[in-house]
Structures are given as structure tokens and as C-alpha cells.
Amino acid sequence: IFLINRFFSTNLNPAGYYAQAAFLALLPFILFNSLYATIFPNIVHEISAGAVEKAREIVLFSTRVIAIVLIPVSIIVWASASEIIDLFNPPEYLAASLALSILIVSISFFTLFMNFGVITVAGGHPRKFTYSFIFLLPLGVVLNLIIVPILAKIGVNLPYGENFTLWINTNGDEKLISMSWALAGASIAAGITAIVGCLFLGIHIRKRFGGLFNFMTVLRVIMASIPAYIAVRLIQFEGILIIAELIIAIFIYAVAIILLKEFTKDEISSFFRK
4 IFLINRFFST
14 NLNPAGYYAQ
24 AAFLALLPFI
34 LFNSLYATIF
44 PNIVHEISAG
54 AVEKAREIVL
64 FSTRVIAIVL
74 IPVSIIVWAS
84 ASEIIDLFNP
94 PEYLAASLAL
104 SILIVSISFF
114 TLFMNFGVIT
124 VAGGHPRKFT
134 YSFIFLLPLG
144 VVLNLIIVPI
154 LAKIGVNLPY
164 GENFTLWINT
174 NGDEKLISMS
184 WALAGASIAA
194 GITAIVGCLF
204 LGIHIRKRFG
214 GLFNFMTVLR
224 VIMASIPAYI
234 AVRLIQFEGI
244 LIIAELIIAI
254 FIYAVAIILL
264 KEFTKDEISS
274 FFRK
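Numbering (my numbering), first residue to last: 4 to 277.
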């Protein structure tokens, strides 16, 4: 956010647009705090007991839960970003819709990274998690320094680039930039940083526990998310009715995931009993 303000010193406060997109994108991330609190002591217990196989099952369960929740959320929010921004903000904040559609995916990878971090620490390697943060922080800064100015300049000629353009003065030269793509650039930089973190810790977890995620789970979740995406694209409610649209999409996804037998009725009953 500070980098965006540093690049584009205008009275429009572009960082405020990005902050709004970040706030909405972070809401699903909050849901997983209880998951982290659950898997940490369980993995520690199984590792101390020498039950690596049971610890592996916990790892697979955590990534499965994240996939079942965040993949459809990312797809649905990506498809309805403009409507969601319009629901909570004045019309001028629609410039942040492109950033939100990308940032929700970036936050999903960051959620996965945090899950991997909890697993890594619980598995007895806290330094690896610390090292990953030490590496990712400057990486994120560098990526923003590279990606944001480039997309701000070329974004004027890209789709959505005309939604929010302005002239800025740099070293005496007037330049037309796309603020929508500048904000999207910050979202892309965040996503790349999170993906690198996932790869770094994911490789370690794979070696440590012998498992990371179930490919078939990811495939079934994506398949179940497709009809929900189609529903969002076809319905396209506006205003407060966007809430009904999102509920319909979630219901369609829930039915599809059950029909694909990825999430059974017994698991649902067990979840609510707990």
C-alpha cells in the first residue's frame, strides 16, 4: 500500500482503493484461524508419538479443507468482483474490482502458505518458516517495484484499463497511467510472492510427511466450482441482490461437491456435531 502511494502521489489516494480490495479479499482468510489452532497441537502430538502417518493425514486434511473452501470462493469472487465492490462502496471504488478479482486468488495462496507454515513449525522446523518470511518480504517489495509501474503504463491499452486513468507528473513529464492495472499489479506481486512461499514450504512438507495434497480433491473441487461460476455469470444481480446471487452460487457448489462425493453427508453431520 505504501509503495502504491509512493509511485502515484495524487489526491485520489490510490492506496485506499487497494486497501478496500485487500479488506474484502482477506475476509475468507479469517475463517481459517481456527483450522491453524486445531492442526498445530495435533501434528505436534502425532510427531512426538512417532506417528508420522497420522501426522500426514492431518496435513492432507488441512489442505483438503482449504481447497474445498477457497477454490470456489476465489472463482465466485473473481467472477463477481465488480458487483461485490459496488455493494460495499461508492461507484468510484469500482476501480478496485480488477485488483479484488486477482487479490482473492493471491490471498488464497497466502492462506495456503500460512497453513504450510503452521505445519512446518508443528513438524519441528520453525527456522524454515522464519527463513521463508525473511526471503519473501524483500521479494514482495522487488516484485511491486517492477510490476506496478509496468502495468500502470501499459494497462491503459489493456482490458479494464480505461476504467480508471489519470495523468501523473514524473520528473516534469506528464504520463497517462491506468490505476486499475497499477492496483492489479500489486495484487499480482502479492500472488507471486505467496506462490513462491507455498513452493518453498510445500517441498519441505512433502519430504517431511510424505504427502501434501490430494490431486483428485483439487480436480473435483474445480469441477464443482464450474456450475457456480456459470451461475454467477448468468445471474448478475446488482445492489443488495448480489447477496442472493452469492448464496445461490454457494448452494450450487455445495450440491455439486456432494454429488461428486468429495464432501459426504456424514462429514457434514460430523462437522456440525463438533
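Each residue gets a CB set at the ideal place from its N, CA and C atoms; glycine is no exception.
Our two residues, Pro152 and Asp89, have alpha carbons roughly 26 angstroms apart in a direct line. Proximity to Phe203 across Ile137, Phe266 and Leu106 peaks at Ile137, based on C-alpha coordinates. Counting only runs of 4+ residues, the alpha helix (DSSP H) found wholly inside the segment 79-135 occupies 84-91 and 100-125, in chain order. Within a 10 Å sphere around the beta-carbon of Glu56 sit fewer than 16 other beta-carbons, which makes this residue exposed. Here DSSP, grouped into helix, strand and coil, assigns Leu73 to helix. The residue from Met219, Ile180 and Ile50 with its alpha-carbon nearest to that of Gly127 is Ile50. Residue state for Leu34 is assigned as coil, using DSSP reduced to three classes. Put simply, the backbone Cα of Asn36 is about 27 angstroms away from that of Glu86. Rounded to whole angstroms, the gap between the alpha carbons of Ile229 and Leu139 is 32 angstroms.
In the structure shown, the three-state DSSP call for Leu202 is helix.
In chain order, Ala187, Ser190, Ile191 and Gly194 place their CB closer than 7 angstroms to the CB of Ile105, counting only its own chain and leaving out the 5 sequence neighbours on each side. Here Ile243 is exposed. Its C-beta has fewer than 16 other C-beta atoms within 10 Å. Between Ala231 and Pro75, the C-beta gap is smaller than 9 angstroms, which places the two residues in contact. Annotation for Pro162: no alpha helix (DSSP H) segment contains it, and DSSP assigns it neither H nor E.
Note on geometry: alpha-carbon atoms of Ala98 and Ala185 lie some 10 angstroms from one another.
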